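Structure record follows, encoded as structure tokens.
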Amino acid sequence: MLSFLSEKLTGAKQFPYVLEDTPEELGGWAHWNHFQGTKRENSMPVSIFKMSGRSNTDAAVQAARNGMKRLRTMRHPNVVRFVGTEEEEDKQGAPSLYLITEKVRPLLSVLRELRQKMSKEQCNEYIAMGLREVTKAIAFLANDCKLVHGNVRMSSIVVTETLEWKLNAFDMLAEHQAATTGEWPLRTWSWMSPGQYKPAEVGKGDWSAVVNGPPYAIDAWGLGCLVLEVFSGAPLDKMEDLRNMDVLPPNLTADYQKLLSSAPNKRLSPQKFLDKAEFLKVKGAELIEVLENINMKDSSEKDIFFRKLPQAVPTLPTLVAQRRVLPLLANALEYGSAPASALTSLLAIGKDLDSDEFVAKVVPCVVKLFASTERSIRIALLNNIESFGPAIPDGVMDEQVYPNLSNGFNDPTAHLRELTLKSIVTVAPKLKQSTINASLLKHLAKLQVDEEPAIRANTTICLSNIAPNMSDAACKRVLLNAFTRALRDGFPPARSAGLMAIVATQQYYSSAEVATRVLPVASPLLVDTDASVRVHAFSLVENMTAALKAQSDKLAAAAEMGGVDPTAANAAIAAANASPMPKAKGGGVLSWAVGSLSASMSKKEGASGSGASTSSAAPRAPASSSAPAAPSRASSGAAAAAASSAAPPAAAAAPSEYSDTTAADVGNGWGDDDELDVGFDDAPSGGGGGGGFDNDDDDDDDGWDDEAAEREAAARARLSARPASRPTPSQPSAAASRGHVSLQKKAPMKLGAQKLGATRRGAGAGAAKDDDWSKLLDEL
13 MLSFLSEKLT GAKQFPYVLE DTPEELGGWA HWNHFQGTKR ENSMPVSIFK MSGRSNTDAA
73 VQAARNGMKR LRTMRHPNVV RFVGTEEEED KQGAPSLYLI TEKVRPLLSV LRELRQKMSK
133 EQCNEYIAMG LREVTKAIAF LANDCKLVHG NVRMSSIVVT ETLEWKLNAF DMLAEHQAAT
193 TGEWPLRTWS WMSPGQYKPA EVGKGDWSAV VNGPPYAIDA WGLGCLVLEV FSGAPLDKME
253 DLRNMDVLPP NLTADYQKLL SSAPNKRLSP QKFLDKAEFL KVKGAELIEV LENINMKDSS
313 EKDIFFRKLP QAVPTLPTLV AQRRVLPLLA NALEYGSAPA SALTSLLAIG KDLDSDEFVA
373 KVVPCVVKLF ASTERSIRIA LLNNIESFGP AIPDGVMDEQ VYPNLSNGFN DPTAHLRELT
433 LKSIVTVAPK LKQSTINASL LKHLAKLQVD EEPAIRANTT ICLSNIAPNM SDAACKRVLL
493 NAFTRALRDG FPPARSAGLM AIVATQQYYS SAEVATRVLP VASPLLVDTD ASVRVHAFSL
553 VENMTAALKA QSDKLAAAAE MGGVDPTAAN AAIAAANASP MPKAKGGGVL SWAVGSLSAS
613 MSKKEGASGS GASTSSAAPR APASSSAPAA PSRASSGAAA AAASSAAPPA AAAAPSEYSD
673 TTAADVGNGW GDDDELDVGF DDAPSGGGGG GGFDNDDDDD DDGWDDEAAE REAAARARLS
733 ARPASRPTPS QPSAAASRGH VSLQKKAPMK LGAQKLGATR RGAGAGAAKD DDWSKLLDEL
């Protein structure tokens, strides 16, 4: 606003560009100085070439205006891109001219920097690429336009941010056939070009020889001068230096001499130099040219090229790959010209970038690719998300990436669902709590009853690994319900995953939860048919009982020191039972339960063949395959009495966090909070191909929050009751023995499990007595 008012009041137009204070040390040519700057309107980086003259009739000013006019109409990939021009006059009428181009740097400055970062072989390869680009521009002027540049040398070449060489300095550009006219720029302003850069015919002023010679003759000589300059690393000082060919590669010497032939007609044309010079035939240049023209290639050519690309990328100079090839690959992927395999090459190049460059050059491309509906692109992104995911800003991940990524949870292809699941370990730390609660947990709830057993198992592992990124409320409502559900899965790795997840997240559970919810459901797995499940079950039971024992010892020691006060003792016990368990030793990120779906299928087939378990996708009752074999008739009474004497309290106490649970909330998902309602109503259940769990128990629903609310009051009452004495073992009755024989004839384990569940549910409702467990065992 202030600048607008200033223009209106003073009548002076504000200069639309901001120049840096000092010009490039090695930039510019003739009267031009090279500044870096930005466009005031949008902060676009540009290069600004400035020259000042004494008057508008000054020869240098006229030459500068000729160059500005010529560049304005020149369009070629290897010619510097024109942005604009500006002119100013001081109070004495002395003009200042500004030529604005894309952001570039002087060639000499770039070469000096790269020689410190590249080996000699890599630097020679880069120079070969640059000479090819400049030669194309010179050939275009001579062959297609019949124009003579007249000022080809190192100071006329600039380098873009992607390390491309581009031709600049068009002050003396003119038509070849106008060489004999008096106004020919190269003739009028030849003093602007030092003598060592002029071929013999120009130095002598033999303009008829220029006209009779080929259009490229003068610029071919300049190209030869440029070749020597880039290898010597310094501007040409005198013409005699052109004989110093020791700095040139051996396979370039012959072509260099032909470019500098004394006879104009015998000089090597730029086009032949481009086609025939062995030095210019480098694989990196060919790779870049294919990428630049990838849209014009047919599908078979693209397939061949991108199949070879991963082997070609490591051979490129690192800086060329990062600054030149990477943008071309990103552009090809973004516009669908490259297959999904190109993403691997893109990330291989980007892995060595610093974090800011990676965010600027790689992240925008992969974020756009997540919106792609092409399955191969999505699979490639998910396979590589660990390499670029941490660099994506949190807001971008939550608002742009996750909405597209989450579509994979519902994909009909199991492999894509599995990859989407595994990517969550990288994605979850960057998501908002509202996104985790409202969306992610719902998807994980459905995946835990997926028809693919490997996905069910890995969902449990995933939930354990992202627990630190969940809110405390979500952890309390979701984790234990989800993990105890996994213990009923028919797929052994899924049961093992549930056991490992409980141990890894034990700091989120109270002592009461461990004693009344974890140990009762984990204990049957101590005799699981799968050896790995048994190992993890023993590990859980040993870990949890040791923690509970340590807590009990602390309470006992405190009671001894503080005296016996029943009220205080009960309060201390209640507080201890509500306190969280200590973090598991060696806890951390769990590895996946099943490495891949193919591994899952192999394991499933092996289990089916050996009879170790039922179908891995089938539902499983908690005690159907993990209960011990039925005892013999002679020992049944003694076994029942021993079991009765060691039985835990009948009530399965729920933790205090569930005190507000109501019967209406059962089946609501993993939790009863609206934000944590993970919507499990439409999830597959049962054994009908949906990969659900056993629903033989009428009270077992398909949500993670499957604890009935009525259990809470009775359970809490039992926790604060008087110390229980060991029940007196009851003698087995004849009826019990006969019942046992009858049960042994009829699948005793399943019926026993059903009776056990029924008794526990009755106890949870307040109907059970202290001797319910012994009565049940007497009946067995």
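Each residue of the sequence shown is one higher than the one before, counting from 13 in the numbering used here. For each residue, glycine too, the CB sits at the ideal point set by N, CA and C. Note that the coordinates shown come from a computational prediction; the quantities given were computed from them, not determined experimentally.
TODO: Can you tell me the Cβ-Cβ gap for R400 and L338, rounded? I've got them flagged as a contact below 8 Å.
DONE: Here residue 400 turns out to be Phe, not Arg, going by the sequence shown. The beta carbons of F400 and L338 sit about 13 Å from each other, so the pair does not count as a contact at 8 Å.
Task: alpha helix (DSSP H) runs wholly inside the stretch 221 to 276, at least 4 long, in chain order - done: DSSP runs (the alpha helix (DSSP H)) wholly in the stretch 221 to 276: 229 to 244, 265 to 271.
- [ ] Could you spell out where the alpha helix (DSSP H) holding N78 opens and where it closes?
- [x] Boundaries of the alpha helix (DSSP H) around N78: 71 to 84.
Task: Whole-angstrom distance between I60 and D33, CA atom to CA atom - done: Each residue's Cα considered, the two are about 12 Å apart.
- [ ] Note down the Cα distance separating W44 from D218, rounded to an integer number of angstroms.
- [x] Going from the Cα of W44 to the Cα of D218 covers about 28 Å.
Open item on the list: Buried or exposed for N256, going by 16 or more other Cβ atoms inside 10 Å?
Closed with: So N256 counts as exposed.
Task: Beta-carbon proximity check, L264 vs L271, cutoff 8 Å - done: With a cutoff of 8 Å on beta-carbon distance, L264 and L271 are scored as not near each other.
Open item on the list: What does the alpha-carbon distance come out to for the pair D267 and A440?
Closed with: Rounded to whole angstroms, D267 to A440 spans 60 Å at the Cα level.
Open item on the list: Suppose contacts are defined by Cβ-Cβ distances below 8 Å. Is L119 in contact with I150 by that definition?
Closed with: Cβ atoms of L119 and I150: not closer than 8 Å.
Task: Spatially closest choice to L800 from G510, K434, I139, R335, by CA coordinates - done: The structure shown has nothing for residue 800, since the chain only spans 13 to 792.
Open item on the list: Alpha carbons only, please: which of G502, K561, K295, S564 is nearest the one belonging to D542?
Closed with: Out of G502, K561, K295, S564, the CA that lies nearest to the CA of D542 is found in G502.
Open item on the list: Looking at L340: is its Cβ nearer than 8 Å to the Cβ of L303?
Closed with: Cβ atoms of L340 and L303: closer than 8 Å.
- [ ] Using three-state DSSP, classify E137 as helix, strand or coil.
- [x] Residue state, collapsed to three classes: helix.
Open item on the list: Restricting to Cα atoms, I'd like to know which of L83, Y29, S121 is closest to E53.
Closed with: Looking at the Cα atoms, Y29 is the closest of the given residues.
Open item on the list: I'd like to check one pair, A350 with F318: are the Cβ atoms closer than 8 Å?
Closed with: Yes, Cβ-Cβ distance for F318 and A350 is below 8 Å.
Task: Cβ-based burial, V239 [other Cβ within 10 Å; buried from 16] - done: So V239 counts as buried.
TODO: Starting from N477, trace the alpha helix (DSSP H) both ways and give me its first and last residue.
DONE: Where N477 is concerned, the enclosing alpha helix (DSSP H) stretches over 465 to 477.
Open item on the list: Just verifying my parser: in three-state terms, what is the DSSP assignment at P402?
Closed with: Shown here, P402 sits in a helix according to DSSP, grouped into three states.
Open item on the list: By the three-class DSSP mapping on this structure, what secondary structure does N180 have?
Closed with: Shown here, N180 sits in coil according to DSSP, grouped into three states, outside any helix or strand.
Task: Secondary structure of Y29, DSSP reduced to three states - done: The three-state secondary structure of Y29, taken from DSSP, is strand.
Task: For M482, three-class secondary structure by DSSP - done: Under the three-state reduction of DSSP output, M482 falls in the coil class, being neither helix nor strand.
Open item on the list: Going by C-alpha to C-alpha distance, which of L433, Q189, V547, V259 sits closest to R507?
Closed with: From the listed residues L433, Q189, V547, V259, the smallest Cα separation to R507 is found for V547.
Open item on the list: Output needed for F182: all residues of its chain with C-beta closer than 6 Å, excluding positions within five of it in sequence on either side, in chain order.
Closed with: Taken in chain order, the residues that qualify are G79, R82, L83.
Open item on the list: For R127 and W177, I'd like the C-alpha separation in whole angstroms.
Closed with: CA-to-CA, the gap between R127 and W177 works out to about 16 Å.
TODO: Kindly indicate which three-state DSSP category S603 falls into: helix, strand or coil?
DONE: DSSP, reduced to helix, strand and coil, places S603 outside both helices and strands of the structure shown, so it counts as coil.
Task: Where H427 sits in the DSSP three-state scheme - done: If DSSP states are grouped into helix, strand and coil, H427 belongs with the helices.
Task: Cβ shell of M613 (< 6 Å), same chain only, five flanking positions each side left out - done: For M613, the predicted structure reports a pLDDT of 45, less than 50, and the residue's modelled location is therefore unreliable. The matter cannot be settled from this model.
Open item on the list: Rounding to the nearest angstrom, what Cα-Cα distance links T200 and A72 in this structure?
Closed with: Cα to Cα, T200 sits roughly 11 Å from A72.
Task: Cutoff 6 Å; reference F27; Cβ partners in own chain excluding five residues on either side - done: Closer than 6 Å at Cβ, skipping near neighbours: no residue.
Open item on the list: Would you call the stretch 123 to 141 in contact with the stretch 89 to 104, where contact means no fewer than 3 C-beta pairs closer than 8 Å?
Closed with: With the cut-off at 8 Å, the stretch 123 to 141 and the stretch 89 to 104 do not touch.
Open item on the list: Beta-carbon within less than 6 Å of V122's beta-carbon, same chain only, minus the 5 sequence neighbours each way: which residues are those?
Closed with: Correct list, in chain order: V171.
- [ ] From the DSSP output, read off the bridge partner residues of S64.
- [x] Bridge partners of S64 according to DSSP: S108.
Task: L119 Cβ short of 7 Å to the ligand MN heavy atom set - done: As for the ligand MN, it is missing from this structure, which has no ligand bound.
TODO: Identify, in the order they occur along the chain, each residue of the same chain with its Cβ nearer than 8 Å to the Cβ of S535, setting aside the five sequence neighbours on each side.
DONE: Contacts found: A549, V553.
- [ ] Let me know if E145 comes out buried or exposed under the rule of 16 or more other beta-carbons within 10 Å of its beta-carbon.
- [x] Classification of E145: buried, given that the 10 Å Cβ count is 16 or more.
Task: Residue nearest to V530 in terms of C-alpha spacing, selected from R500, A485, K442 - done: The candidate whose alpha carbon is nearest that of V530 is R500.
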